[in-house]
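Structure first, commentary second.
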Amino acid sequence: MNSFGAAVAIARKDLRSELRSKEATNAAVSFALVILLILSVAFEPTGDETHAIAGGLLWIVFAFSGTLILNRTFARELQNDALEALIAAPIPGWALFLGKATSSLVMMLVVEVVSLPIFAIFYDVSLVWTLVPVLLLGTWALVVVGVAFSALTVNVQLREVMLPLLIYPTLVPALIASMILTGNLLDGQAFAGDNLTWLRLLVGFDIIYTALAVGLIDIVLVG
Amino acid sequence: MVAVEGVWKYFGDFPALRDVSLNVSRGACLALLGRNGAGKTTLLRILAGFSKPAKGTVTIAGAAPRDLSARARVGYIGHGIAVWDELSAEENLRVFATLYGVDRAQIPVWLERVGLLRVREGLAREFSRGMRQRLAIARAFLHQPELLVLDEPFTSLDDRAIALLQSLLREARERGACVVMSTHQLREALELASDVVLLKNGRVAHSGERTEEMLKDPAWLYARYGEG
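See the structure below:
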């Protein structure tokens, strides 16, 4: 049995279910757009200060709206006790994690693709291609931590409250790196000097937390 | 096939299982009986690999329940149907076929077997309760498991699903698979069972072959051990 095939099957299953129900992405997209609108009213879009904090605002929106998707990652399996079927299946824990992380990543990227043009219009900034690796690395950081804690809190009654409480403190280094990098790149800077250091931090965060999540997911789910 | 040796399981300080030992050989069907809270579901969840014992050992064909080789041999039906509502019957089985490395040609065979081939493209959430239960049965049997772990399998099944499950369990035993099931529906269970274990407060109160006496009076065992 091919473990990567199992991961793909789980990711496809989640995406197909989401495509039909749209329960997580609709909520996340709506939330992201409302927050962008509210913040654009609160700050003067053409002001220099707004440009300086634009990177931070963008990642606050991604982190908050992403939680709506991450909350559902394992919770969607509680319906009909489908999580038991996945835990019982002869696949390694990392394949289950990878499948769940991949589907969550795709859903979060959809939210970002919809939000970015709105962000550019509301905050009067020009999007640059160099943002792509930062978006991918920063989103993967959100996903890898979020999916791991989603598994940990799946049987907790107040999981909608617990998940943000657990993931935001853990994500602080990745969010700071993503915010600073995004702000600097939107400001026209290149990947050099401090920006390269922030990028390395983001890569390091992703590697460490991916390894931890993959290694611990079986213990998290079964004990 | 299944060996349980001196298993203890605690929930906090409370011992849900106390020194439980039992063996199930190929082709056997073990009915796990006991009142609510006796430890039946706890033991079945350990066999299915959902939790680990605090003490003692459990092996399935020589491997620990969490080993991939053991999990590939087990088919589980629990309290939930464990299918995805937003997927069609065929898509549900396709996911399980991939996870268990089963040839996809088996999917229509099993859909036909459980009477869902005609509605294979219908979403599970649109199915009646009975159809969903039959889909769950197809899901559990798809990979031809060597051990079937069934927790209250007849509860809330309609007549058609009960007949289907009983015939599939008989077939499975004929090909050498063994069955461990917990149930409160004594008559259905005892008709299928070759062996009986009665759990009382987490301990094995009775273990042995199913007798004619039990068939005549399914509640006989409970009465004998003061559980009546």
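So the sequences go chain by chain: Y and L.
Under our numbering, think of the first position of the first sequence as 684, with each following residue one higher.
Under our numbering, think of the first position of the second sequence as -15, with each following residue one higher.
We put the CB at the ideal spot given by N, CA and C, even for glycine.
Just so it is clear, the structure is predicted and the values come from calculations on it, not from any experiment.
- In the DSSP assignment, the residues bridged to Asn7(L) are Ala(-13)(L).
- For the pair Ser191(L) and Asp179(L), the Cα-to-Cα distance works out to about 8 Å.
- Spatial neighbours of Leu182(L) in its own chain (CB-CB distance under 7 Å, excluding positions within 5 residues in sequence) are listed in chain order as Leu17, Gly18, Ala189, His190, Leu205, Tyr209.
- Per DSSP, reduced to three states, the secondary structure at Pro49(L) is coil, with no helix or strand assignment.
- For the stretch 739 to 771 of chain Y, the residues whose beta carbon sits under 7 Å from a beta carbon of chain L are, in order, Gln762, Asn763, Asp764, Ala765, Glu767, Ala768, Ile770, Ala771.
- Here DSSP, grouped into helix, strand and coil, assigns Val98(L) to coil.
- Using a CB distance below 7 Å, the part of the stretch 693 to 708 of chain Y facing chain L consists of Lys696, Arg699, Ser700, Arg703, Ser704, ordered along the chain.
- One alpha carbon belongs to Asp889(Y), the other to Leu820(Y), and they sit about 7 Å apart.
- For the stretch 32 to 54 of chain L, the set of residues with a beta-carbon nearer than 7 Å to any beta-carbon of chain Y comprises Ala32, Gly33, Phe34, Ser35, Lys36, Arg50, Leu52, in chain order.
- When Cβ-Cβ separations below 9 Å define contact, Pro852(Y) makes no contact with chain L.
- Lys184(L) sits in a strand when the DSSP states are folded into three classes.
- If you check the CB distance, Phe726(Y) and Leu740(Y) come in under 9 Å.
- For Val(-9)(L), no chain Y residue has a Cβ inside 7 Å of its Cβ, as the nearest lies near 15 Å away.
- When DSSP states are grouped into helix, strand and coil, Gly192(L) belongs to the strand group.
- Residue range 731 to 758 is occupied by the alpha helix (DSSP H) that includes Gly738(Y).
- At a cut-off of 9 Å between beta carbons, Ala56(L) contacts chain Y.
- Secondary structure of Ser72(L) (DSSP, three-state): strand.
- Within the same chain, and ignoring the five residues on either side of Cys162(L) in sequence, the residues whose Cβ sits closer than 8 Å to its Cβ are Met(-15), Val(-14), Val8, Ser9, Arg10, Gly11, Ala12, Cys13, Leu14, Glu130, Leu131, Leu132.
- Taking 8 Å as the cut-off between beta carbons, the residues of the stretch 772 to 803 of chain Y near chain L are Ala772, Pro773, Ile774, Pro775, in sequence order.
- Per the coordinates, the alpha-carbon of Tyr60(L) lies some 9 Å from the alpha-carbon of Arg29(L).
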